[in-house]
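S.K.: Taking this note's numbering, the leading residue of the sequence shown gets 9, the next gets one more, and so forth.
Backbone N, C-alpha and C fix where the C-beta goes; we use that ideal spot for every residue, glycine too.
A quick note: this is a predicted structure, and the numbers were derived from the prediction, not measured.
Can you read through this structure? Questions will come right after.
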Amino acid sequence: RDNETGLLVPPSNSEALAERIVELLDNPTRARAIGQAARETVEREFNVERMVEQTAALYREVLEPRPLPV
Numbered sequence: 009r010d011n012e013t014g015l016l017v018p019p020s021n022s023e024a025l026a027e028r029i030v031e032l033l034d035n036p037t038r039a040r041a042i043g044q045a046a047r048e049t050v051e052r053e054f055n056v057e058r059m060v061e062q063t064a065a066l067y068r069e070v071l072e073p074r075p076l077p078v
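Next comes the structure, spelled out in structure tokens:
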């Protein structure tokens, strides 16, 4: 999420990347807030329990018996 958990820049645009980096260097409070929000998102969305849950759900779906086509 741009400006919430990170900063987006167009691909292969080093000038835009440099500008966004300077924005963060000029505003360390904002940089910390974005970093904290990103960390919370990763911890919530990509934890081991959730990955196991999603993998098990995928296995259940794939292995569920289905009628053969006629």
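Quick one: what's got a C-beta closer than 8 Å to Ala24's C-beta in the same chain, skipping five residues either side?
M.R.: On the sequence shown, position 16 is the one that residue 24 refers to. Answer for Ala24: Val17 and Pro18, listed in chain order.
S.K.: Express the C-alpha separation of Met59 and Leu76 in angstroms, rounding to a whole number.
M.R.: Here the question's residue 76 lines up with position 68 in the sequence shown. Here the question's residue 59 lines up with position 51 in the sequence shown. About 31 Å.
S.K.: Please look up how many angstroms separate the CB atoms of Thr13 and Ala39, rounded, as I've assumed it's under 8 Å.
M.R.: Residue mapping note: residue 13 aligns to position 5 of the sequence shown, counting from 1. Residue mapping note: residue 39 aligns to position 31 of the sequence shown, counting from 1. Not quite, the Cβ-Cβ distance comes to about 12 Å (not below 8 Å), so this is no contact.
S.K.: Taking the Cβ atom as the reference point for each residue, do Ile42 and Leu33 lie within a distance shorter than 9 Å?
M.R.: Here residue 42 corresponds to residue number 34 of the sequence shown, with the count starting at 1. Here residue 33 corresponds to residue number 25 of the sequence shown, with the count starting at 1. It is not a contact, given that the beta carbons lie outside the stated cut-off.
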